[in-house]
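Asks: When we follow full-length UniProt numbering, the leftmost residue of the sequence shown carries the number 1, and every step to the right adds one. Note that beta-carbon positions come from the ideal geometry of N, C-alpha and C, so glycine has one too. To start, I am sharing the structure in question, which I have written as structure tokens.
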Amino acid sequence: IDIALWKFETSRYYVTIIDAPGHRDFIKNMITGTSQADCAVLIVAAGTGEFEAGISKNGQTREHALLAFTLGVKQLIVGVNKMDSSEPPYSESRYEEIKKEVSSYIKKIGYNPAAVAFVPISG
Numbered sequence: 001i002d003i004a005l006w007k008f009e010t011s012r013y014y015v016t017i018i019d020a021p022g023h024r025d026f027i028k029n030m031i032t033g034t035s036q037a038d039c040a041v042l043i044v045a046a047g048t049g050e051f052e053a054g055i056s057k058n059g060q061t062r063e064h065a066l067l068a069f070t071l072g073v074k075q076l077i078v079g080v081n082k083m084d085s086s087e088p089p090y091s092e093s094r095y096e097e098i099k100k101e102v103s104s105y106i107k108k109i110g111y112n113p114a115a116v117a118f119v120p121i122s123g
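Shown next as structure tokens:
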């Protein structure tokens, strides 16, 4: 699995979207893509057990956020994915719990949580 690129232009910007794999086996590819980025979208699974695994001490959510910051990505967006898998589905309290925990962690590594957009998504 490699990184994928999409390019487009707006009236003000040239945009390149780099889709880097999140799977642990492809961390080198993730680093390659992230090292070229100005902004990162960190996808966090909301499913019970999935979020807890990702935010745990050796979890990929922590690893990817730390790598992004270390590689110089100063702007971060967090997509809270699989909101349909939360218990109950589309739970606002689950979303707020995830937002609070991720905010706490990203603050520790150097991001300003107030400047990070959190977006509940599904799909």
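1. What does the alpha-carbon distance come out to for the pair residue 149 and ASN29?
2. Would you list the residues sitting across from TYR90 in a DSSP beta bridge?
3. What are the boundary residues of the alpha helix (DSSP H) that ALA65 is part of?
4. Check the C-beta distance from ALA45 over to GLY33 and give it rounded, since I have them as a contact under 8 Å.
5. Which of helix, strand or coil does DSSP assign to ASP19?
Replies: Checking against the coordinates, here is how it stands:
1. Outside the shown range of the chain, which is 1 to 123, sits residue 149, and nothing can be said about it.
2. None, per the DSSP bridge assignment.
3. 60-70
4. At roughly 20 Å, the Cβ-Cβ gap does not stay under 8 Å, so ALA45 and GLY33 are not in contact.
5. ASP19: strand per DSSP, three-state reduction.
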